[in-house]
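Notes follow the structure.
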Amino acid sequence: MLLDFFTHLRKAGLPVSTTEHLQLLEGLSHDVGVLDLNKFYLFARLCLIKDESLYDRFDQVFQDYWAGREAAFDLSLDAIPDDWLKLADKDALTEEQKALVESMGGWDKLMETLAKRLEEQKEEHHGGSKWIGTRGTSPFGHGGFNPEGVRIGGKGGQGRAVKVWEQRRYKDLDGTRELGTRDFKVALRSLRRLTRDGRPDKLDLNGTIRATAQNAGLLDIKMRAERRNAVNVLLLFDVGGSMDYHTALCEQLFSAARTEFKHLEYYYFHNFTYEKVWRNNNRRHNDTISVQELIRTYGSKYRLIFVGDATMSPYEVVAEGGSVEHWNQEAGAIWMQRLQQHFGHCVWLNPEKSDYWETTPSIRIIRELMQNRMFTLSVNGIQDAIETLKTPIQPKLLTDNS
Amino acid sequence: MSNPDYIITDELQQAVDAALTLERPLLVKGEPGTGKTQLAIEIAQRLDAPLFQWHVKSTTRAHQGLYEYDAVSRLRDSQLGDDRVNNISNYILHGVLWDAFTCDQRAVVLIDEIDKADIEFPNDLLQELDRMSFNVYETRETITAKQRPLVIITSNNEKELPDAFLRRCFFHYIEFPDKPTMAKIIAAHYPTVKQDLLKSAMDVFFDLRDVPGLKKKPSTSELLDWLKLLIADDLPAEALGADELRTILPQMHGALLKNEQDVHLFERLIFLHKQRQR
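From first to last, the protein sequence lines stand for chains A and B. Mapping of the first sequence onto the working numbering: position 152 corresponds to residue 152, and the numbering continues sequentially without gaps. Quick note: to get the working numbering, add 1000 to the position in the second sequence (first position is 1).
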């Protein structure tokens, strides 16, 4: 039964490991968390979930799995000899006990039938009308653990009180939500690449000691350069039009990135990248810089991050003259490929919810152009993006002679 | 023996009990000001066990918690011809974990703000926390825990902790106290506070936490500070503006709102309330 619960959790995408499951069993065999389902809930959460942003999902799975089985759980503790709980060491069952279990059709079978019966009874009793169906709360499509929707917060039912996990108190902590500056900073921090280059002007104490010891006690001073975050980031923001809805989110990302990276360069574009980008949005028509210059100016060490909703007419990406603002000699896709050839480490962050990605043709096209290196502008998305940034893209060869 | 000021919720109690029974490190996270650090001190007091505190900084290295070899002193002594120099163990400085491991009774170890340290820090402690033993390279001895200490680790979420480390810990997230718990906490600190003042203060406080867009939400310790000020000045409950209308900035709000944007935001909200009233 517990193993079943464990696989349930795995299926829901919760990162629970075998070690942790064994820990849970070990705890149960020490009578921790066995008194009632509430205690078990707390103990299981303590053992299995190591991130408060996963609490909410755990609550949902717990509810989904144990709804209607509470009685089964209590029964399993009351009516059964204590030894049975020590399932961790299966051999501990005596022959008599084993026979007893077998005569009831096996432990799992027994519990299953009981649980099913209980559930049926409940459904009938309530006519099924009190349950609330939702399509899950994760807007970013993390696989969703039940496509049919999850039952949440079912109240009442044989006079029992609402359980802790049904209250879903940790909903706000779900990691798939969009977050503030601080959380962005934490996510961006993993892009750090600490290196020592430049003038050696700091005393390397350990090095000095080692060198001095090797020198039989004669002082040999070692200097080294300070540790600096050497990662270079180039941000290209989409502004105007449909991006206006995402302004606040982009602002947060920008201010987080500004404080986190010393070498941060940023430019704006509208809808898609063509031959020009600009630094100052007020003077965007006079004060532009060509993408060729961008490529010449910034080395290929720069990590290139596009931020845009990628929502536009497909022509704006693939066709010459497709831009809504000017006549572009070459299609945006070609410019995108040039950028990719130079800046191999590139990703696209999309503030649009990933639910809409498949249904918006331009997002599909750009995602293909980016070779799936498109992520949502959420903390999880940024984490994935940064992981991806570590490996360069394999750009397709340009067909023309550029 | 125990400090009646510290209120432990049932959930937390159970988490601590489990960590004690199964002898596993307990990782505690939670909003600032929810008493994460205090928890270890409290447990040590209640168990009547010695407490070893290790406050982690950005420069802290894992081996500093085990031991440090003081090469500089040894070098100095060797040049001065001190006799101590012949025994290397004179220059091994014991770290927090060493002391805790060699303690005669079960100790409580607090590793405070583990996320402040380098990313590799937790990984470097895996073996030590798992087996509760480590090798001293210089003297070739092995230090093993006489009794596995209870390890409490706090984190403020500034860095992700590695999975391998998390797997070995129990994890508990201290929630922000709800109103009844908060009332208990306040009663423990200020048993003589006037009921009407307390009620208005709590209302203002929880409303303030609900204001969307605040840069920094006030925490428990800030509420306690604020109450202290209010009690010291013997203010009436009306001065807090806790009536239905919320039309004045609460007295001594500086204890709760810690940056000027938040104060501005709050002033704007009050302004809106006033307008609606007309």
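Heads up, the beta-carbon is just placed ideally off N, CA and C, and yes, glycines get one too.
As assigned by DSSP and simplified to three states, the class of D1082(B): As a first step, residue 1082(B) must be located in the second sequence, where it is residue number 82. In this structure, D1082(B) counts as coil in the three-state DSSP scheme.
Going by beta-carbon coordinates alone, are N1259(B) and K1215(B) separated by less than 8 Å? Within the second sequence, residue 1259(B) is the residue found at index 259, counting from 1. Within the second sequence, residue 1215(B) is the residue found at index 215, counting from 1. Cβ distance < 8 Å, so N1259(B) and K1215(B) count as in contact.
Would you mind giving the Cβ-Cβ distance between L1027(B) and F1171(B), rounded to the nearest angstrom? I have them listed as a contact below 8 Å. Here residue 1027(B) refers to the residue found at position 27 when the second sequence is read from its first residue. Here residue 1171(B) refers to the residue found at position 171 when the second sequence is read from its first residue. Yes, L1027(B) and F1171(B) are in contact; Cβ-Cβ is about 5 Å, under 8 Å.
Who are the near neighbours of I295(A) in its chain, counting only those whose CB is closer than 6 Å to its CB and skipping five residues on each side? Within the first sequence, the letter at position 295 stands for residue 295(A). The residues are H342.
Can you tell me which of the three DSSP states N1135(B) falls into? Your numbering for residue 1135(B) matches position 135 in the second sequence. N1135(B): strand per DSSP, three-state reduction.
Within 10 Å of its beta-carbon, does R199(A) have 16 or more other beta-carbons around it, so buried, or fewer, so exposed? Looking up residue 199(A) in the first sequence gives position 199. Result: exposed.
With a threshold of 8 Å between beta carbons, is T1037(B) in contact with chain A? Residue numbering aside, residue 1037(B) sits at position 37 when the second sequence is read from its first letter. So, not an interface residue.
Would you check if there are 3 or more beta carbon pairs closer than 8 Å linking the stretch 353 to 373 of chain A to the stretch 254 to 265 of chain A? no
Using the rule of at least 16 other Cβ atoms within 10 Å of the residue's Cβ for burial, across every protein chain shown, is N380(A) buried or exposed? Against the first sequence, residue 380(A) aligns to sequence position 380. Buried: at least 16 other Cβ atoms inside 10 Å.
Interface partners of T1021(B) on chain A, CB under 9 Å: Along the second sequence, read from residue 1 onward, the residue named residue 1021(B) stands at position 21. Residues of chain A passing the Cβ test: G27, H30, D31, V32.
Residues of chain A with CB closer than 7 Å to the CB of R1167(B), please, in chain order. Here the question's residue 1167(B) lines up with position 167 in the second sequence. The contacting residues are S17, T19, E20.
Whole angstroms are fine: how far does the CA of R1209(B) sit from the CA of L1227(B)? If you number the second sequence from 1, residue 1227(B) lands on position 227. If you number the second sequence from 1, residue 1209(B) lands on position 209. L1227(B) and R1209(B): Cα-Cα distance of roughly 16 Å.
Partner residues on chain A for Q1079(B), Cβ-Cβ distance less than 7 Å: By 1-based counting over the second sequence, the position of residue 1079(B) is 79. Here the neighbours are G217.
Taking only beta-carbon atoms, is A230(A) less than 8 Å away from chain D? Included in the structure are the protein chains A and B, with no chain D among them.
Below 7 Å on C-beta distance, what does E52(A) contact in chain B? Here residue 52(A) corresponds to residue number 52 of the first sequence, with the count starting at 1. Those within 7 Å of E52(A) in chain B are K1029, Y1173.
Starting from the Cα of S1073(B), find the closest Cα among E275(A), K301(A), I209(A) and give me that residue. By one-based count along the second sequence, residue 1073(B) stands at place 73. Measuring from the Cα of S1073(B), the nearest candidate turns out to be I209(A).
Per DSSP, which residues does W1226(B) bridge with? Please list them. Your numbering for residue 1226(B) matches position 226 in the second sequence. DSSP output for W1226(B) lists no bridge partner at all.
Cutoff 8 Å: N1157(B) Cβ touching any chain A Cβ: Locating residue 1157(B) in the second sequence gives position 157, counting from the first residue. True, the Cβ-Cβ gap to chain A drops below 8 Å.
Please state if the CB of L1022(B) and the CB of G27(A) are separated by a distance shorter than 8 Å. Your numbering for residue 27(A) matches position 27 in the first sequence. Your numbering for residue 1022(B) matches position 22 in the second sequence. Contact: yes.
Chain A contact residues for L1093(B), given Cβ-Cβ distances below 7 Å: Your numbering for residue 1093(B) matches position 93 in the second sequence. Under the 7 Å cutoff, chain A gives no residues; its nearest Cβ is about 15 Å from L1093(B).
Could one say the Cβ of Y55(A) lies closer than 8 Å to chain B's Cβ atoms, at least one of them? Here residue 55(A) is taken as the residue at index 55 of the first sequence, counted from 1. Taking Cβ atoms only, chain B reaches closer than 8 Å to Y55(A), which makes this a yes.
Could you spell out where the beta strand (DSSP E) holding V1109(B) opens and where it closes? Along the second sequence, one-based indexing puts residue 1109(B) at 109. 1108 to 1112 is the extent of the beta strand (DSSP E) around V1109(B).
Of all the CB atoms in chain B, is at least one closer than 8 Å to the CB of L42(A)? The residue you call residue 42(A) lines up with position 42 of the first sequence. Closer than 8 Å to some Cβ of chain B, the Cβ of L42(A) qualifies, so yes.
Give the range of the beta strand (DSSP E) segment to which R303(A) is assigned. In the first sequence, residue 303(A) corresponds to position 303, counting from 1. Taken as a continuous stretch (DSSP letters only), the beta strand (DSSP E) holding R303(A) covers 303 to 307.
In chain A, what lies closer than 7 Å to F1170(B) by C-beta? Position 170 of the second sequence, counted from the start, is the residue given in the question as residue 1170(B). Here the neighbours are L46, C47.
Against L1075(B), what residues of chain A qualify as contacts under a CB-to-CB distance less than 8 Å, listed in chain order? By one-based count along the second sequence, residue 1075(B) stands at place 75. The contacting residues are I209, T212, A213, G217.
Buried or exposed for F1271(B), please, with buried defined as at least 16 other CB atoms from any protein chain shown within 10 angstroms of its CB. Mapped onto the second sequence, residue 1271(B) falls at position 271. Classification for F1271(B): exposed.
So, is the C-beta of G153(A) closer than 8 Å to a C-beta in chain B? Numbered from 1 along the first sequence, position 153 holds the residue referred to as residue 153(A). Its pLDDT being 36, under 50, G153(A) is placed unreliably in this model, and the coordinates cannot settle the point.
D56(A), enclosing alpha helix (DSSP H) - first and last residue: If you number the first sequence from 1, residue 56(A) lands on position 56. Note, D56(A): alpha helix (DSSP H), 55 to 66.
Three-pair Cβ contact test at 8 Å for the stretch 323 to 331 of chain A versus the stretch 366 to 376 of chain A: no
I363(A) beta carbon less than 8 Å from that of A310(A): For the purposes of this step, residue 310(A) is taken as residue 310 along the first sequence, with counting starting at 1. For the purposes of this step, residue 363(A) is taken as residue 363 along the first sequence, with counting starting at 1. Yes.
I'd like to know if the stretch 1109 to 1124 of chain B and the stretch 1061 to 1076 of chain B are in contact, where contact means that at least 3 CB-CB pairs between them fall below 8 Å. yes
So, is I221(A) buried or exposed, given that buried needs 16 or more other C-beta atoms within 10 angstroms? In the first sequence, residue 221(A) corresponds to position 221, counting from 1. Looking at its Cβ environment, which holds fewer than 16 other Cβ atoms inside 10 Å, I221(A) is exposed.
Among the residues of its own chain, which have a CB less than 6 Å from the CB of H1055(B), if the five just before and after it don't count? Residue 1055(B) sits at position 55 when you count from the first residue of the second sequence. Answer for H1055(B): D1112, listed in chain order.
Considering only their Cβ atoms, is the gap separating A1201(B) from L1284(B) smaller than 8 Å? Because residue 1284(B) is not part of the residues shown, which for chain B are 1001 to 1278, the question remains open.
Reducing DSSP to helix, strand and coil, say where Y1006(B) ends up. Locating residue 1006(B) in the second sequence gives position 6, where the first residue counts as 1. It is coil, neither helix nor strand.
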